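Below is one structure; the comments refer to it alone.
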């Protein structure tokens, strides 16, 4: 089965490779933006403020899902723990992947194999119990009211991203698909989004809506979102799990309410 990721790679090869240089993104044609950093005496990193002259009109917000909209940093791990298959089972595969002993593709396939013969209904019930941060609806409505399209790019699972897309009226969502037959998981997964290749999908979404990089806001929490931050015009690290991500984000927000991002946005 050909997954959506294969189509994106093919498309990118014909259109040109993805450029992940933040400098190049910031110098794109037509961009006239000047930052004025207002230094604060306390909590400077969290209280940065930007003043824009001749500000760009933002048109697209790209969200990560796991760990950004949800409190769980990995839906895969959340499901494994709920069915008692994390410790001594799936946890081992994660360790092997982090130690570069297996590929990302193999990691996902081994994870999905654990769920073979589980009912789709049971998985959906587990997914519906995933805790979200407060304020998701407030933030998404705020962005929509400013004419900004909403998109999700997740290396998690579409069974959750589809639910979020419908609940919060996202314009676009892409994640990895669990395969099933007659309501039962087959133990296979279609890998559409690689954890470190989200920029491929970001470029495709921008092309779809004819939006420039400087018109994009990226919101994420982990190094899997690094590429998004590098190509976006403005980036927000929300409860980040990595200090390195902090260093490349325009704004860092630590809170149990994601709508606290709103005062930090440049419009």
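Residue numbers (the working numbering): 969 to 1235. We put the CB at the ideal spot given by N, CA and C, even for glycine. As the structure is a prediction and not an experimental result, all values here were calculated from the model.
Open item on the list: Classify residue 1200: buried if its beta carbon has 16 or more other beta carbons within 10 angstroms, exposed otherwise.
Closed with: Position 232 of the chain shown holds residue 1200. Buried, because 16 or more other Cβ atoms sit within 10 Å of the Cβ of residue 1200.
Open item on the list: Distance check for residue 1141 and residue 1173, CA to CA, integer angstroms please.
Closed with: Walking along the chain shown from the start, residue 1173 turns up at place 205. Walking along the chain shown from the start, residue 1141 turns up at place 173. Going from the Cα of residue 1173 to the Cα of residue 1141 covers about 10 Å.
TODO: Return the bridge partner residues of residue 1221 from the DSSP annotation.
DONE: Locating residue 1221 in the chain shown gives position 253, counting from the first residue. The partner list for residue 1221 (beta bridge, DSSP) reads 1206.
Task: Contiguous alpha helix (DSSP H) assignments of at least 4 residues, all confined to the region 1103 to 1187 - done: 1104 to 1113, 1126 to 1135 and 1166 to 1177
Task: Whole-angstrom C-beta distance between residue 1189 and residue 1209, which should lie under 8 Å - done: Locating residue 1209 in the chain shown gives position 241, where the first residue counts as 1. Locating residue 1189 in the chain shown gives position 221, where the first residue counts as 1. Right, their Cβ atoms sit about 6 Å apart.
Task: Assigned secondary structure, residue 1258 (DSSP; H/G/I helix, E/B strand, else coil) - done: The question about residue 1258 has no answer here: the residues shown for the chain are numbered 969 through 1235.
Open item on the list: If you reduce the DSSP assignment to three classes, tell me which class residue 1038 lands in.
Closed with: To locate residue 1038, count along the chain shown from 1; it is residue 70. Strand at residue 1038.
- [ ] Express the C-alpha separation of residue 1109 and residue 1099 in angstroms, rounding to a whole number.
- [x] Locating residue 1099 in the chain shown gives position 131, counting from the first residue. Locating residue 1109 in the chain shown gives position 141, counting from the first residue. Roughly 20 Å between the two C-alpha positions.
- [ ] Please determine, among 1176, 1115 and 1120, the residue with the shortest C-alpha to C-alpha distance to residue 1138.
- [x] Counting from 1 along the chain shown, the entry for residue 1138 is found at position 170. Out of 1176, 1115 and 1120, 1120 has the C-alpha closest to the C-alpha of residue 1138.
Task: Identified DSSP bridge partners for residue 1087 - done: As a first step, residue 1087 is located in the chain shown; it is residue number 119 there, counting from the start. Its beta-bridge partners are 1152.
Open item on the list: Let me confirm a value: residue 1322 is counted as buried when at least 16 other C-beta atoms fall within 10 Å, else exposed. Which label applies?
Closed with: As displayed, the chain neither begins before 969 nor continues past 1235, which places residue 1322 out of reach and without an answer.
Open item on the list: So for residue 1075, helix, strand or coil by DSSP?
Closed with: Along the chain shown, one-based indexing puts residue 1075 at 107. Three-state result, residue 1075: helix.
- [ ] On a CA-only basis, which of 1025, 1032, 1064 and 1024 is nearest residue 1207? Give me that one, please.
- [x] Within the chain shown, the letter at position 239 stands for residue 1207. Answer by Cα proximity: 1032.
Open item on the list: Under 8 Å: do the region 1147 to 1155 and the region 1079 to 1090 share three or more Cβ pairs, one atom per stretch?
Closed with: yes
Task: CA nearest to the CA of residue 1191, picked from 1026, 1029, 1041 and 1051 - done: Position 223 of the chain shown, counting from 1, holds the residue named residue 1191. Nearest of 1026, 1029, 1041 and 1051 to residue 1191, Cα basis: 1041.
TODO: Verify whether the separation of the beta carbon atoms of residue 1161 and residue 1175 is less than 7 Å.
DONE: In the chain shown, residue 1161 corresponds to position 193, counting from 1. In the chain shown, residue 1175 corresponds to position 207, counting from 1. No, the pair does not count as a contact, with Cβ atoms beyond the cut-off.
- [ ] Can you give me the start and stop residues for the alpha helix (DSSP H) that residue 1215 sits inside?
- [x] Here residue 1215 corresponds to residue number 247 of the chain shown, with the count starting at 1. First-last of the alpha helix (DSSP H) with residue 1215: 1211 to 1216.
Open item on the list: I'd like the span of the alpha helix (DSSP H) that includes residue 924, first residue to last.
Closed with: Lying before the first or after the last residue shown, residue 924 is absent from the chain, which here runs from 969 to 1235.
Open item on the list: Pop quiz: residue 1167 and residue 1212 are said to be a contact at Cβ under 8 Å. What is the actual Cβ separation, rounded to whole angstroms?
Closed with: Start at 1 with the first residue of the chain shown, and residue 1167 comes out as number 199. Start at 1 with the first residue of the chain shown, and residue 1212 comes out as number 244. Going by Cβ atoms, the distance from residue 1167 to residue 1212 rounds to 17 Å, so no, they are not a contact pair.
Task: Rounded separation between residue 1185 and residue 1125 - CA only - done: Taking the chain shown and counting its residues from 1, the one referred to as residue 1185 is at position 217. Taking the chain shown and counting its residues from 1, the one referred to as residue 1125 is at position 157. Computed Cα separation, rounded: 22 Å.
TODO: Round the Cβ separation of residue 1072 and residue 1163 to the nearest angstrom and send it over; I've been treating them as touching at under 8 Å.
DONE: Taking the chain shown and counting its residues from 1, one reaches residue 1072 at position 104. Taking the chain shown and counting its residues from 1, one reaches residue 1163 at position 195. Yes, they are in contact, since the Cβ atoms of residue 1072 and residue 1163 sit about 6 Å apart, within 8 Å.
TODO: Determine the direct distance from the alpha carbon of residue 1101 to that of residue 1112, and round the result to whole angstroms.
DONE: Here residue 1112 corresponds to residue number 144 of the chain shown, with the count starting at 1. Here residue 1101 corresponds to residue number 133 of the chain shown, with the count starting at 1. Approximately 19 Å, taken between the alpha carbons.
TODO: To the nearest angstrom, report how far apart residue 1043 and residue 1178 are at their CA atoms.
DONE: Working through the chain shown from its first residue, we reach residue 1043 at position 75. Working through the chain shown from its first residue, we reach residue 1178 at position 210. So the alpha carbons of these two residues sit roughly 31 Å apart.
TODO: Specify, as a first and last residue, the run of the alpha helix (DSSP H) that residue 1100 falls within.
DONE: For the purposes of this step, residue 1100 is taken as the residue at position 132 of the chain shown. That residue, residue 1100, is in no alpha helix (DSSP H); it is neither H nor E in DSSP.
- [ ] Put residue 1046 into one of helix, strand or coil per three-state DSSP.
- [x] Walking along the chain shown from the start, residue 1046 turns up at place 78. Helix at residue 1046.
- [ ] For residue 1031, name the three-state secondary structure that DSSP assigns.
- [x] Within the chain shown, the letter at position 63 stands for residue 1031. If DSSP states are grouped into helix, strand and coil, residue 1031 belongs with the strands.
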